[in-house]
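**Q** Let me begin by handing over the structure; questions about it come next.
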Amino acid sequence: AYRVMVVEKPFGMNIQVNVVPRVVEVLPGYPAEKVGIRAGFALTHVDEHAVSGNEWFKFFQSASPPFTLTFDTDLPLHDGNPFLNSISNGTASGGADPWWSNEGYEDFR
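Position in the sequence shown (first residue = 1) + 17 = the working numbering.
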């Protein structure tokens, strides 16, 4: 288990549910990146509450910082995951034409 402390929101991670709530994207420069969250981590607890795909967001939204998040970092991807095809070095390989795709756009930072 990998446990982190959320001390501010927005935390900077995108979680989608196929079978379990799983991180599919970590936004650069946000607290989630700074504490080591990686694509593919499966969220198991918000504070001390075990969470499922149906309820994780309710617990996350209602929690006031500081609170903890616990992740299973070894849970294999389930077959047919439309959000992640593979995980390599903490980066996600998404399905066809994911909504967060930067294709056709240029980063002007």
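C-beta: ideal position from N, C-alpha, C; glycine also. Just so we're clear, the structure is a prediction, and the values are computed from it rather than from any experiment.
Do proline 82 and valine 24 come within 7 Å of each other at the CB atom, strictly closer than that value?
**A** Yes, these two residues count as a Cβ contact at 7 Å.
**Q** For alanine 59, report the span of its beta strand (DSSP E) as first-last.
**A** 59-63 is the extent of the beta strand (DSSP E) around alanine 59.
**Q** If you follow the beta strand (DSSP E) that proline 38 is in, where does it begin and where does it stop?
**A** Counting along the chain, the beta strand (DSSP E) containing proline 38 begins and ends at 38-43.
**Q** What first and last residue would you give for the alpha helix (DSSP H) that runs through phenylalanine 77?
**A** Per DSSP, phenylalanine 77 belongs to the alpha helix (DSSP H) from 73-79.
**Q** In this structure, what does DSSP give as the bridge partners for tyrosine 19?
**A** Phe88.
**Q** In whole angstroms, what is the alpha-carbon distance linking phenylalanine 76 and proline 93?
**A** Cα to Cα, the separation comes out at about 24 Å.
**Q** Tell me which residues share the same chain as tyrosine 47 and place their Cβ nearer than 8 Å to its Cβ, disregarding the 5 neighbours each side in the sequence.
**A** Within the same chain, tyrosine 47 has close Cβ partners Pro27, Phe28, Gly29 and Met30.
**Q** Leaving aside the five residues before and after threonine 61 along the sequence, list all residues of the same chain whose C-beta is less than 6 Å from its C-beta, in chain order.
**A** The residues are Thr87 and Asp89.
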